[in-house]
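Input: a single structure, listed below in structure tokens.
Residue numbers (our numbering): 6 to 132.
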């Protein structure tokens, strides 16, 4: 994926995971990473930076990930933005709700290491 700079937004309230994931993604030459630690700031950041892909936690302060996803999907400028839910909630009902609200995928954090998430992001952007 040489050449194009991809914008990645991460909305995650776990400080350690956010730091490790954002630094791992920034290590990729063509990734510009934006971060927020709560749903309200995340929603504003996503609307401002218009990322290519969003990694969105569900359980966060101020606004949960489902509320952010729903708000982003209501904005016509954001209809082509890929939003991936990244959560420790692995129940089918959560996955179904995320898909219904417009998430393109759902990744369970406890099932993945940061390097796996980076690889999935890279593969996703190649599509």
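Ideal Cβ placement from N, Cα and C applies to all residues, glycine included.
These figures come from a predicted structure and were not determined experimentally.
For this session: Could you tell me whether the Cβ atoms of residue 13 and residue 58 are closer together than 8 Å?
Result: Cβ distance < 8 Å, so residue 13 and residue 58 count as in contact.
For this session: Look at residue 66 and residue 19 and say whether their C-beta atoms are less than 8 Å apart.
Result: For residue 66 and residue 19, no; Cβs fall outside 8 Å.
For this session: Confirm, please, whether the CB-CB distance from residue 130 to residue 89 is below 8 Å.
Result: In this structure, residue 130 does not lie closer than 8 Å to residue 89 by Cβ.
Exercise. Which residues share a DSSP beta bridge with residue 110?
Worked result: Per DSSP, 89.
For this session: Taking residue 91 as the reference, give the member of 100, 31, 25 and 79 with the closest Cα.
Result: Of 100, 31, 25 and 79, the residue nearest in Cα terms is 100.
For this session: Note the first and the last residue of the continuous beta strand (DSSP E) segment covering residue 73.
Result: Taken as a continuous stretch (DSSP letters only), residue 73 belongs to no beta strand (DSSP E), being part of the alpha helix (DSSP H) at 70–78.
Exercise. At which residues does the alpha helix (DSSP H) containing residue 123 begin and terminate?
Worked result: Residues 119–131.
Problem set entry | Candidates 22, 63 and 122: closest to residue 108 by CA position | The shortest Cα separation from residue 108 among 22, 63 and 122 belongs to 63.
For this session: Inspect the beta-carbon positions of residue 68 and residue 35 and report whether they are closer than 8 Å.
Result: Judged by their CB atoms, residue 68 and residue 35 are not nearer to each other than the 8 Å cut-off.
For this session: Indicate the three-state DSSP secondary structure (helix, strand or coil) for residue 94 in the structure shown.
Result: In the structure shown, residue 94 adopts coil according to DSSP, grouped into three states.
Exercise. Where does residue 84 sit, in a helix, a strand or coil, going by DSSP?
Worked result: Note: residue 84 maps to coil in three-state DSSP.
Exercise. Where does residue 97 land, buried or exposed, given buried means 16+ other C-beta within 10 angstroms?
Worked result: Flag for residue 97 reads exposed.
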